[in-house]
Amino acid sequence: MNITHYMGLLADNQPWNLLIFMAVPVICAEILAITEIAILFTRKLDGALKKLNKVTGIFAGIYFTGVFIYLLKTAYIPLTVNGEWKGWIDVVAVTFYLLGIVPFLGMSLLDLGLIFRHKAEEEKLKIHAIFVSIFLIVAHVAMIFGMIDPSLGSGSSAGHDMINM
């Protein structure tokens, strides 16, 4: 079976690529989602959960910016320039993974007070929750398309194995 560049990246250099490109961002997203829900329900804006949420948001934004720059330079641009994409499914998987920069960097900038600085705390809470939601959406689209055989999008049946159940 053919695999997308997304899955190839995660499968190479085990376990390091899986940890660097999947585990760290997903763990950050899970911490953010769980603490975000607790903060939204309790409205406690000065406790340990809020601090964990803020530190995780800042870390995730900085960390994923590094991942984004690295993959843009070493994978996305070369694949595009050299015409090495395995079809539209492959492009969707990698593009949506990289789109994670928008919400992660947005959260980081918000938590650092560099954007929306004059908004009320309630508005900042809403914006932060929206960023978390956007990340979860783009990450899941990337994962779903990343697991699809990219040849399915090309109409070619090469590389398909039938599984008997």
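For the sequence shown, our numbering gives the first residue as 43, with consecutive numbering after it.
Don't be surprised by glycine CBs; every beta carbon is placed ideally from N, CA and C.
Here the structure is a predicted model, which is why all the values come from computation and not from measurement.
Here Lys-96 is buried, its C-beta having at least 16 other C-beta atoms within 10 Å. For the options Lys-93, Val-144 and Ile-69, the alpha carbon positioned closest to that of Ala-80 is the one of Lys-93. Segment contact: the segment 47-58 against the segment 128-137, three or more CB-CB distances shorter than 8 Å; contact assigned. As the crow flies, the alpha-carbon of Phe-173 is around 6 Å from that of Met-149. Taking all protein chains shown into account, Lys-128 has 16 or more neighbouring C-beta atoms within 10 Å of its C-beta and is therefore buried.
When the Cα atoms are used, Thr-84 and Leu-61 turn out to be separated by approximately 32 Å.
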